[in-house]
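Numbering of the sequence shown is given in the numbering used here, commencing with residue 16 and proceeding in unit increments. A short write-up of the structure that comes next.
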Amino acid sequence: MSEVQEVLKYTSEIIRIVQESSEEIKKQVVENLKRRIIDNLTYELHDGTTKIITDFINDHLKDDIQKILEEAKPAIIEEIKKGIISGVGELANSMIVQAQTNIEDSWRLKEVIRQLFNI
16 MSEVQEVLKY
26 TSEIIRIVQE
36 SSEEIKKQVV
46 ENLKRRIIDN
56 LTYELHDGTT
66 KIITDFINDH
76 LKDDIQKILE
86 EAKPAIIEEI
96 KKGIISGVGE
106 LANSMIVQAQ
116 TNIEDSWRLK
126 EVIRQLFNI
């Protein structure tokens, strides 16, 4: 069978499959379009709502929020300091545990080598 005949055979087979499945294909296309439209509208609604809220905050609440934050600045800084100190302490403890593990593993490896080579 020549390449042209094979291509024609596959083409006619594809056409037959598409014709037999046309209703299912149409149904799937419609479902996909519906889903895309709903997703797009949902995104636009979310985006629009976010813009409205952001504009409201910037136009009506920004100055009040700024005042509240200025008044709370010392407490905020204190909490940030506590968080940093706590985080550094946890990091240091973790590093100590890791270092101890590394040392123990090193001693175990040294002992295994000693046993293997009768040193």
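Even for Gly, the Cβ is constructed at its ideal location relative to N, Cα and C. All values derive from a computational prediction rather than experimental measurement.
Where Ile29 and Ser36 are concerned, what is the direct C-alpha to C-alpha distance, given to the nearest angstrom?
10 Å
For Lys66 and Asp78, the rounded distance between their alpha carbons
18 Å
Which class does Ile118 belong to by DSSP, given the choice of helix, strand or coil?
It is helical.
What three-state label does DSSP hand Asn133 in the structure shown?
coil
Can the beta-carbon of Ile72 be found less than 9 Å from the beta-carbon of Ile80?
Cβ distance < 9 Å, so Ile72 and Ile80 count as in contact.
Please list the terminal residues of the continuous alpha helix (DSSP H) segment that includes Ile67.
Ser37 to Phe71
Helix, strand or coil, according to DSSP, for Ser27 in the structure here?
helix
Where Ser101 falls: helix, strand or coil (DSSP):
helix
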